[in-house]
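Everything in the sequence shown is counted per our numbering, starting at 24 for the first residue and increasing by one. All residues carry an ideal CB built from backbone N, CA and C; glycine is no exception. If you're wondering where the values come from, they're calculated on a predicted model, not measured in any experiment.
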Amino acid sequence: MVEKIGIFVSKDEFSKIAIDQLISMGYKPVLFSFKKTGFPEEIVLKFGDIENFMKCVSMYSIKKIVFAGKINARDIFKKNMAQSGIEFLKATKDLCPEKILKNLVKFITENGIELMSLTEVFRRYIAEEKIYTNIKPDESQWKDILFGWNIAKNIAHLGIGQAVAVKNGMVIAVEGIEGTDKMIERAGRYSKDFTIVKVIKDNQDIRFDLPTIGKKTIENLIRAGGKVLAIEAGKTIMLEPEIIINIADRNNLIIAGITGKEIMDDY
24 MVEKIGIFVS KDEFSKIAID QLISMGYKPV LFSFKKTGFP EEIVLKFGDI ENFMKCVSMY
84 SIKKIVFAGK INARDIFKKN MAQSGIEFLK ATKDLCPEKI LKNLVKFITE NGIELMSLTE
144 VFRRYIAEEK IYTNIKPDES QWKDILFGWN IAKNIAHLGI GQAVAVKNGM VIAVEGIEGT
204 DKMIERAGRY SKDFTIVKVI KDNQDIRFDL PTIGKKTIEN LIRAGGKVLA IEAGKTIMLE
264 PEIIINIADR NNLIIAGITG KEIMDDY
C-alpha cells in the first residue's frame with residue numbers, strides 16, 4: 024500500500040513542485056489548505072482549525088506531514104480564525120510567526136506525526152555555491168554582496184526579515200512583514216542597479232522554513248532595476264532553476280549562490 028503523507032499547500036508553484044516531488048518519492052499526498060487552491064482533492068480547513076486537521080490526520084492514517092503552503096504573517100490577526108486556532112495562539116503567547124510554527128510543529132510531533140524537512144522534499148532545487156549566470160559580479164558588486172550578507176544575517180538574527188537591498192555600501196531597503204518581492208519593488212523606487220542578498224537565520228528550522236526564489240522574484244527584480252541576486256548556498260530553494268537562469272541571462276541579471284566564506288576570504 025502506498026504511504027500517505029499530508030501536505031499543507033497554497034496556490035503557487037512551490038506547492039505544485041512539492042506535490043510532484045512527493046509523488047516521485049513514492050508517496051500519496053493528502054492536501055490541506057486554508058483556502059481553495061485548485062489542486063484536486065484538497066481538504067480546505069478554516070484558518071487555524073487544528074482540531075479538524077488532527078481528525079483528518081487520524082482518518083487518513085497520516086504519519087508524515089510537509090509544510091509547503093505559504094501563510095501570510097498578517098493572517099495571524101484574522102478575526103474569523105477557528106476556535107482551536109485561537110486557543111492555540113493564546114497558549115503560545117508569542118505572535119512571532121516563527122514561534123507559532125515551532126510550537127505547531129512541537130504539537131504535531133508530540134502527537135506522533137513526523138515533519139518531513141523541506142531540504143528532503145526539494146533536494147534537487149537547493150542552491151549551490153556558484154555563479155549561475157553568464158555575467159559575473161565585478162569588484163564593486165562583490166563588495167555589495169559581502170556588505171549585504173552581514174546586514175542580512177543581522178536582520179535575520181533579529182527576526183526582522185531575511186533579505187536586504189544594497190548599493191555602493193548603502194542599505195536601500197530591508198525586508199519586513201511584506202516579504203522579499205514587495206521589498207524589491209520598494210528598493211526599485213529609490214535606486215537602480217542594486218544588489219539583493221537573501222539568507223537564512225542561523226537557528227532557522229529548515230524542516231518548514233527555507234528562503235525561496237522563483238520566476239516571480241527574478242521578474243520583479245528585473246522590473247525594479249536590480250542587477251544582482253545573491254542567495255545563501257545550501258539553504259535556499261530555487262524553483263524552476265533553468266527558467267530563472269535563462270530569464271536572468273537574457274536580462275543581464277547576476278545570480279550568485281554564496282556561503283559567507285567569501286567574507287572570510289576577503290578580510
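In the three-state DSSP reduction, K221 falls in the strand class (E or B). Each of R230, V194 and I254 was checked against the Cα of G237, and the nearest Cα belongs to I254. Secondary-structure assignment with DSSP links E137 through a beta bridge to K87. Fully contained in the segment 139–187 are the following alpha helix (DSSP H) runs of length 4 or more, in chain order: 141–144 and 162–180.
For the pair F37 and I267, the Cα-to-Cα distance works out to about 14 Å. Distances from the CA of G92 to each of I42, N134 and C79 were compared; the closest alpha carbon is that of I42.
The residues V144, F145 and R147, in chain order, have a CB closer than 8 Å to that of Q44 in the same chain once the five nearest residues on each side in sequence are set aside. Its Cα nearest to that of K176, the residue K224 stands out among N243, K224 and V32. Distances from the CA of V53 to each of D72, Y83, A247 and M77 were compared; the closest alpha carbon is that of Y83.
Between the segment 123–142 and the segment 211–221, the count of Cβ pairs shorter than 8 Å is below three; the stretches do not touch. For a cut-off of 8 Å, the C-beta gap from A188 to A210 is around 4 Å, short enough to register as a contact. The residue from T156, K58, E26 and K69 with its alpha-carbon nearest to that of N269 is T156. Of the residues G108, F70, I46 and Y50, the one whose Cα lies closest to the Cα of F57 is F70. Excluding the 5 residues flanking it on each side, N191 has no same chain C-beta neighbour closer than 6 Å. When C-alpha distances from I229 are compared across A196, S33 and L141, the shortest belongs to L141. DSSP, read as helix, strand or coil, puts L244 in helix. Nearest in C-alpha terms to G280, of all of R273, P264 and N274, is P264. Here the alpha carbons of K39 and L262 stand approximately 10 Å from one another.
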